[in-house]
Amino acid sequence: MIIKNDKSEILDFLLDAANYKGDCEAVYFPENESDIIEILREANQSRTTITIAGNGTGLTGARVPENGIVISMSKMNRILEINFNEKYAILQPAVILSDFQREVTANSLFYPPDPTEQNCFIGATIATNSSGAKSFKYGATRNYVLELRVVLSNGEVLNLKRDENIAVGNILNLISENGFKIELKLPNYLMPQIKHSAGYFVKQDMDAIDLFIGSEGTLGIITEAKLKLLEFYQNMISGILFFNNESDALNFVDYARAKSINNRLTNDVTDINARGIEFFDYFSLQFLKEDYQKINDNHKAAIWFEQEITSETEDVIFDKWMEIIEKFNADIENSWFAVDNIEREKFKNFRHAVSSKVSEFVAKKGLRKVGTDTAVPIEQFRNYYYFMKQTVVENNLNYICYGHIGDCHLHLNMLPKNEGEFLIAKGLYAKFCKRASELGGTVSAEHGIGKMKRNYLLEMFGEKNIIEMARVKKTLDPNLLLGIGNIFDKKFLNC
Ligand SMILES: Cc1cc2nc3c(=O)[nH]c(=O)nc-3n(C[C@H](O)[C@H](O)[C@H](O)COP(=O)(O)OP(=O)(O)OC[C@H]3O[C@@H](n4cnc5c(N)ncnc54)[C@H](O)[C@@H]3O)c2cc1C
């Protein structure tokens, strides 16, 4: 096993995509589960803390060490099996998501989780319960995890299979492959019933596997995953619609979202049933217009949508979309419909271009952006969106807003021009998290908490519940080795 401790060789492990910085003594590169068990044995003896590193695309500092050592999962990167008949895949944790997606699609199968940044490791997408545009219809990574192998901090291995280990009320019993037993008393806080990736997933009668999904490297190390695959849809209707009036775009979304949710429940395959609905505000379009001639200065917002079709349903579904496109006054002449996979790939690039253009802009100017990951229940969405927009305008900050509007989950990115504005933006960010919590929403719908958002999680759940979360961690990791500083401040581990 390679171990690197020369600082110049491990610099990449001391930060993540949010540019959150840390420090460590060494980076270990295990090649298999036995290497990991060995590292943990030593770490238990020396009480060395361990941070698990995926591919560093996280936006919360979760993979950035405060001290101790880093375990890089990068050498455990093989697809072990794709079973086309039974529609599942077995993977090591460092398979890159885009490689996996390519392999799966080439074999006419479909893996729905699609975070905008696809250069991430599968294990990390499970550790953060990632989601993306298609999560509107298909949900987050959690819905596709069938089995996990997890090494606990004492080196014991859990082989967790969905539906095999269910809590009785709030008591969850875990048993390792060697027969080591742990009884966990689960906290009784309630999670918001929306897209949500903040703090441990707990509920009465829950499946043991769900506790580890989204646990951000604090409860164990994922060494293998079996994931559910779906059948690949060959045909799709998708479009990017431009609107000369933002409220028309928002009304369009309200209608398309409600129809889609309803038709999903009734399984109506002849009506509107989007798998993704994404939003781009006026300022996002300003960033994109240089590369996309269809955008003009009258366009105040754009919506991307996509729906699966068959040759039987194609015409009727197309007509249903056209009806509402007209009803809500989209600029039909300039709107853009994909007729084949090549065009659909261009749409994907359009969606991804916003975040990369903003990151480029911010880096070029030597600035730091401050971006939200909050989501709220549908009935609160409009108020919440206007509250955020009005607040940034009142504070004279530049911003852009885009994202997963189907899930009432937009990324409002504030673009401060100097340190003073940066501090104002940080203050507004705290305000937006507080308001989302008050409205029954979440401070993180997909990126997780890591080290950067602990205070907002504290505000969302309250101290009592954070102490309960810390108690779960202490039961599974009594020597406090794994992912220290993620999700909650370490002071809660001493309670
Ligand atoms: C431009 C951009 C767009 C993004 N868009 C999205 C999006 O649409 N949706 C979304 O969900 N996220 C998004 N992200 C965030 C990020 O891509 C995801 O959080 C991703 O899952 C992180 O993967 P990674 O391999 O880079 O993990 P890292 O950042 O290296 O680690 C993330 C966490 O996973 C833990 N971890 C890693 N491997 C393991 C393991 N084997 N066992 C246990 N814990 C482990 C780490 O300790 C850490 O806590 C975006 C990021 C960027 C930069």
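Quick note: the sequence shown, position 73, residue 144 per this note's numbering, numbers continuous.
We put the CB at the ideal spot given by N, CA and C, even for glycine.
Could you check what DSSP says for residue i in three-state terms: helix, strand or coil?
i	result
D352	strand
C472	strand
D278	strand
Q378	strand
V98	strand
M262	coil
I558	coil
K544	helix
Y215	helix
Take residue i as the anchor and find which of the options has the nearest alpha-carbon.
i	options	result
N156	I280, N367, L180, F432	L180
A401	S426, G554, A372	A372
A329	R233, N315, E450	E450
D94	F100, R112, V141	V141
G474	K419, S286, A279	K419
L553	T119, A97, F84, I73	T119
G437	I74, L85, N90	N90
G288	V228, K256, I555	I555
A124	S105, V98, K545	V98
I want to check one thing, is the minimum distance from the CB of residue i to the heavy atoms of ligand 1 below 7 Å?
i	result
P164	yes
F503	no
R149	no
L130	yes
A198	yes
P186	yes
N126	yes
T122	yes
N138	no
N344	no
D560	no
I293	yes
Cβ of residue i within 8 Å of Cβ of residue j?
i	j	result
Q172	Y159	no
A269	T443	no
G519	T131	yes
H267	A516	yes
L321	R506	no
I374	I348	yes
D185	G129	no
M144	F84	no
L486	F421	no
Decide if residue i is buried, meaning its Cβ has at least 16 other Cβ atoms within 10 Å, or exposed.
i	result
S331	buried
H423	exposed
T341	exposed
E377	buried
V425	buried
P263	buried
A446	buried
Y457	exposed
A409	buried
R112	exposed
K92	exposed
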